[in-house]
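Participant: Residue numbers (this note's numbering), protein chains in the order written: chain F, 1 to 559; chain P, 560 to 900. The beta carbon of each residue, even a glycine, is placed where N, CA and C say it ideally should be.
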């Protein structure tokens, strides 16, 4: 994962040249396939745009910039604090409700940003039940009282934080669980209290995981479309959509997307630069039951509250609002059709999760054994799909594959007069491909962070004992990384369940998912009816989240 | 292990190439930007009548257009259905449609609902109306869209974001009637009279006027009807608190828009597609098509929804629908300049 790692590896490896060609070929070709849509989109950059940029720069661009900037800052900070804090509490402390919080803190992960936005808007708006009740209770009228508007930058930042913090929590918790107790014991022996232990040992050791989690959150925030559009907060993403589809300027839109991407690249570089030459490896793998701090009195109460609030705001309350809407009004298609929607969502999500994790392992391990500037670069590019809005990725995929289908069809037509239809772009294949492009970064960050914690001397030992690079991956790394691989799988699974824009554009005939159904109804301003499928996304999403969360806990060595 | 993982997508690709062969037998492939549950009844009725199976792909209009273009010669699309003239125009500009000549359509549909070369046909109409809070507003003060922009209006206005195509088409019609400068002045005037930054959809504007957050609201008529018929008592009460105004009755008429469809260029099932359009113009289909979303049917003497019937006839702006599409990009620029969010 870094230059110094490979330096050490290369120095210790018996015959570094032997398998290089295999790994470098696999690495670069897989990375290129995944990076293809991103490259297609950026191929638009050099084209001229007839003053569209001048128009954008003099009117809306400053607003896009400032909204996007503040959104990213608030969501980044918020998720870092909530995610890391709650993960540390449930791993290291004993307090009432800990067992429950361990998995319940993941629940908001199943709530798509657009769904939480629908739910709170319905509940908190001026004409909604909450403010109406206030007015009835106190006899107020419009203008008599102040109430924060949920449809605002602040509202968007808060709600997005509340459903995205589990990304940080999940990776932070996995990382804290994988940390060797010996390191913490050394800290304790040297007189570090719990707070110092947290800040000077646990957080630095977990840094790659925390950075991975927060950068997932930031990229998710940058390409967030449903909630910000619903709230009327103009960001780069809504701007890209409006420029592309509203003004009919795909070139200018691709250039906006490039700006967005530079933003991400700068963030990533900043973090790498600030990490400097420091590397964090575990030097021992002696695990035992983590000793917990038993909390009492107000400390226990504070810990319970700190874990309960995100769950209530991010999951219980919005689910309750949706449930109420679903029961009182609900979707008229409830029944067997719904099982079809749910099955489509589930099978797509499961397949995509397996493929994305497999690809991530291949890529991150490829970089580990064959670390060149080109390999690192292509891997980075291939993980960029996450920062590009789903609708743009979808078009970037449709262009090459539809072109391929057209070539096939025109040549077949010339040959025997037949048109066989769209093999790639008209089937579920293209959807899975899109999901891997979009969500590779999710699995990649988790896998990379976890791989970074396996010390290079393990590779060296395994190779010295005669294992190939592939064998080392299979028999040494994979078992060590199991919990992180599971975490990566869950994240991709749930992300695919929630994914909207690419699914809408690329799905085959008669093939609707829960997210598509919810979106169709909501875009038609039928929020009450959309509540049924929104709730179904949440329900289908939480079951695997809970199951895998439990599996993760069991998988900790020494636990 | 890895070979097994990569076998999965290959298997999926092979299995799902079943999706690919849609040019067979008696089928019709519809790309639709409409998402009404009544559309299902429409397709079922068509299948019962003709034996032609209907395959549906629903999506956002602009994305469907993009997809048809990319699919090119191999595209399975027969019919493209969408709402709003701006989008029909855009689809036509992109070369999605082919011209259709049909005596049935020529006879059943009024001329304004037919593209001159038969590229697309309108099958339902929606009006962009003004709503007023019954307590705070004297409805006789408001008779035109232009009043919304007046300096001495004395009322506050709720209207949604300019990202929305309904507002874009409304402004496009203003450009047609008042020129670009006049339209920009109008947009600026409306922005100055706004009760709040634009937020939410059309329904939220009506709710805003109902709760007193603003005095006037602009929204398509069917959102109002939907509130009137809602299962939720709070919605019905909101609808009762506002009255509806069809603007510009003494001059050009209220701004109306269409829901329409056309036959896709290179459609593999062209005959079925024409049969489907003709079916949409039949009395049965018109009733389902329009009533599913409380819209106005375009064929005369088709039974209207009772609420619509109670409003009687109103004068509609008969500006050529294509103009709305042509003016759309300029409308967006004006919105950006006057900072109409």
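Starting from residue 640 of chain P, trace the beta strand (DSSP E) both ways and give me its first and last residue.
Facilitator: Counting along the chain, the beta strand (DSSP E) containing residue 640 of chain P begins and ends at 638-642.
Participant: Using the Cα positions of residue 893 of chain P and residue 664 of chain P, report the straight-line distance between them to the nearest angstrom.
Facilitator: Their Cα atoms are separated by approximately 37 Å.
Participant: Give me, in chain order, the residues of the same chain whose beta-carbon lies closer than 6 Å to that of residue 449 of chain F; leave out the 5 immediate sequence neighbours on both sides.
Facilitator: For residue 449 of chain F, where only same-chain residues beyond five positions count, the Cβ hits under 6 Å are 208, 209 and 212.
Participant: Per DSSP, what are the beta-bridge partners of residue 803 of chain P in this structure?
Facilitator: DSSP, once it has assigned bridges, lists P:690 as partnering residue 803 of chain P.
Participant: Helix, strand or coil for residue 582 of chain P per DSSP?
Facilitator: The predicted position of residue 582 of chain P is uncertain, since its pLDDT is 43 and thus under 50; a value taken from the coordinates is nonetheless stated next. Coil at residue 582 of chain P, not helix or strand.
Participant: Could you tell me the boundaries of the beta strand (DSSP E) in which residue 592 of chain P lies?
Facilitator: Careful: residue 592 of chain P lies outside any beta strand (DSSP E) and carries neither H nor E.
Participant: DSSP three-state label for residue 247 of chain F, please.
Facilitator: Correct three-state label for residue 247 of chain F: coil.
Participant: Measure the C-alpha to C-alpha separation of residue 441 of chain F and residue 172 of chain F and round it to an integer number of angstroms.
Facilitator: One C-alpha to the other measures close to 17 Å.
Participant: Could you tell me if residue 231 of chain F is buried or exposed, where buried requires 16 or more neighbouring beta carbons within 10 angstroms of its beta carbon?
Facilitator: The residue in question, residue 231 of chain F, is buried, as its Cβ has 16 or more Cβ neighbours within 10 Å.
Participant: Could you name the residues of chain F that residue 616 of chain P contacts, counting a contact when the two beta carbons are closer than 7 Å?
Facilitator: Residues of chain F passing the Cβ test: 509.
Participant: So which of P:683, P:679, P:637 and P:880 has the shortest CA-CA distance to residue 781 of chain P?
Facilitator: Here the closest residue by C-alpha is P:683.
Participant: Judging by CA-CA distance, which residue of F:300, F:151 and F:216 is the nearest neighbour of residue 92 of chain F?
Facilitator: Closest option to residue 92 of chain F, Cα to Cα, is F:300.
Participant: Give me, in chain order, the residues of the same chain whose beta-carbon lies closer than 7 Å to that of residue 644 of chain P; leave out the 5 immediate sequence neighbours on both sides.
Facilitator: Hits under 7 Å: 728, 816, 817, 880, 883 and 884.
Participant: Under 7 Å Cβ to Cβ from residue 321 of chain F, same chain only, skipping five residues before and after it: list those, please.
Facilitator: Taken in chain order, the residues that qualify are 119, 122 and 123.
Participant: Is the region 531-549 of chain F touching the region 106-120 of chain F in the sense that three or more CB pairs, one from each, lie closer than 8 Å?
Facilitator: Contact between the region 106-120 of chain F and the region 531-549 of chain F is present, because at least three Cβ pairs lie under 8 Å.
Participant: Output, in sequence order along the chain, the residues in the region 376-405 of chain F whose CB is closer than 9 Å to any CB in chain P.
Facilitator: Residues passing the 9 Å Cβ filter: 391, 394, 395, 398, 399, 401, 402, 403 and 405.
Participant: Measuring only the C-alpha atoms, how far is residue 564 of chain P from residue 851 of chain P?
Facilitator: Residue confidence is low: residue 564 of chain P scores 42 on pLDDT, short of 50, so the model does not pin down where it sits. No coordinate-derived value is stated.
Participant: So if DSSP puts residue 93 of chain F in a beta bridge, which residue, or which two residues, is it bridged to?
Facilitator: Paired residue(s): F:293.
Participant: I'd like to know if the region 155-166 of chain F and the region 134-144 of chain F are in contact, where contact means that at least 3 CB-CB pairs between them fall below 8 Å.
Facilitator: No, the region 155-166 of chain F is not in contact with the region 134-144 of chain F.
Participant: Verify the CB distance criterion: does residue 799 of chain P have a CB-CB separation below 8 Å to chain F?
Facilitator: Not one chain F Cβ lies under 8 Å of residue 799 of chain P.
Participant: Residues in its own chain within less than 7 Å of residue 890 of chain P by CB, not counting five upstream and five downstream?
Facilitator: Hits under 7 Å: 727, 730, 731 and 734.
Participant: Using a Cβ-Cβ cut-off of 8 Å, state whether residue 588 of chain P counts as contacting chain F.
Facilitator: At least one chain F Cβ lies under 8 Å of residue 588 of chain P.
Participant: CB-CB under 6 Å to residue 531 of chain F, same chain, minus the five flanking residues each way: which ones, in chain order?
Facilitator: 322, 325 and 326.
Participant: Under 8 Å between C-beta atoms, does residue 622 of chain P make it to chain F?
Facilitator: Chain F, which has a Cβ nearer than 8 Å to the Cβ of residue 622 of chain P, makes this yes.
Participant: Mind checking if residue 693 of chain P is an interface residue toward chain F, Cβ cutoff 8 Å exclusive?
Facilitator: With 8 Å as the cut-off, residue 693 of chain P does not count as an interface residue toward chain F.
Participant: In chain P, what lies closer than 8 Å to residue 231 of chain F by C-beta?
Facilitator: 758, listed in chain order.
Participant: Measure the alpha-carbon distance for residue 158 of chain F versus residue 94 of chain F and round it to whole angstroms.
Facilitator: Cα to Cα, residue 158 of chain F sits roughly 28 Å from residue 94 of chain F.
Participant: With C-beta atoms as the reference, is residue 785 of chain P less than 8 Å away from residue 853 of chain P?
Facilitator: Against a cut-off of 8 Å, the Cβ pair of residue 853 of chain P and residue 785 of chain P comes out as a contact.
Participant: Relative to the alpha-carbon of residue 820 of chain P, which residue among P:612, P:609 and P:657 has its alpha-carbon at the smallest distance?
Facilitator: If we check each option's Cα against that of residue 820 of chain P, P:657 comes out closest.
Participant: Have a look at P:828, P:691, P:896 and P:758 and flag the residue whose alpha-carbon is nearest the alpha-carbon of residue 806 of chain P.
Facilitator: Closest option to residue 806 of chain P, Cα to Cα, is P:691.
Participant: Please list the residues of the region 623-636 of chain P that have a C-beta atom closer than 7 Å to any C-beta atom in chain F, keeping them in chain order.
Facilitator: From the region 623-636 of chain P, only 625, 626, 629, 630, 631, 632, 633 and 635 have a Cβ closer than 7 Å to chain F.
Participant: Between which two residues does the alpha helix (DSSP H) containing residue 440 of chain F stretch?
Facilitator: Residue 440 of chain F -> alpha helix (DSSP H) spans 428-452.
Participant: Look up residue 616 of chain P in the DSSP assignment and say whether it is helix, strand or coil.
Facilitator: Correct three-state label for residue 616 of chain P: strand.
Participant: Could you give the distance in angstroms between the alpha-carbon of residue 169 of chain F and the alpha-carbon of residue 760 of chain P?
Facilitator: Near 34 Å, if we compare the C-alpha coordinates of residue 760 of chain P and residue 169 of chain F.
Participant: With a CB to CB cut of under 8 Å and the five nearest residues on each side skipped, what residues in its chain are close to residue 582 of chain P?
Facilitator: Low local confidence applies: a pLDDT of 43 at residue 582 of chain P is under 50, so the model's placement there is unreliable, with the coordinate-based value given in what follows. Counting only Cβ-Cβ distances below 8 Å, and skipping sequence neighbours, we find 635, 827 and 828.
Participant: Once you ignore the five residues that flank residue 590 of chain P on each side, which residues in its own chain have a CB closer than 6 Å to its CB?
Facilitator: Hits under 6 Å: 616, 623, 636 and 639.
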